[in-house]
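What follows is a short report on a single structure.
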Amino acid sequence: FALAHEYAHFVAEERQLRFSERDGHSSDHALELFCDELGLQISREWANRNDSWLAFSGAGALLFFHAIESGERCLRALTDGDGEKYLKSRVSADGGESTHPDPKTRATNLVTLAVEKTAEDQRADVAQFIREFELICESIGIFVESTVRNGPRPTGE
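For the sequence shown, my numbering gives the first residue as 36, with consecutive numbering after it.
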């Protein structure tokens, strides 16, 4: 998915696609969501040829976004909240908001796309699998954050 997403950036640049604000998203965010959607479709095309349910269902992309979110939560835990300075420092070139929507928004959007873009006879299977997979990802994220938050800390020696 990550490779397909980055390829979608190449397509958008090569085709000189322009994105405007929509649904409360900036043009930068709209570009990222477009690349997520095209990345998912490319992953699904690959999945069909290689009999990969994980790629077809969007689980790989979902795991990617949950891993980013988990990493951000761990950063906050390790820095006792100072990680916000780093997370807020990821801004666009003009000093505005981050060029990427937050991982939770992207994951939610991806789940919607994965279900909506699935043929009707397979839609329920994809929806059920993604719901279960998302619960697994969330549980792992909570466990990892808890382990990081409650684990041993360096003594500074």
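Glycine included, C-beta positions come from ideal geometry on N, C-alpha and C.
query                                                                                                                         : result
Pairwise C-alpha distance: D156 and L66                                                                                       : 31 angstroms
Own chain partners of E169 with C-beta closer than 8 angstroms, once the 5 adjacent residues on each side are dropped         : L97, H101, A142 and V146
DSSP-derived helix/strand/coil call for P138                                                                                  : helix
Candidates A90, I103, F178 and G95: closest to T140 by CA position                                                            : I103
Collapsed DSSP secondary structure at G106 in the structure displayed                                                         : helix
C-beta atoms of F36 and F99 nearer than 7 angstroms                                                                           : yes
Supposed contact pair H44 and P136 - C-beta distance, whole angstroms, cut 8 angstroms                                        : The pair is not a contact, with the Cβ atoms about 15 angstroms apart (cut-off 8 angstroms).
Residues of its chain near R158, where Cβ-Cβ distance is below 7 angstroms and the 5 sequence neighbours each way are ignored : V150
Candidates A154, A162, L38 and S105: closest to I177 by CA position                                                           : S105
S87 beta carbon less than 7 angstroms from that of V161                                                                       : no
Close-in-space but distant-in-sequence residues of the same chain around E173 (CB under 8 angstroms, 5 per side omitted)      : H101
Proximal residues to S78 (C-beta, below 6 angstroms), its chain only, five neighbours per side dropped                        : F36, A39 and A90
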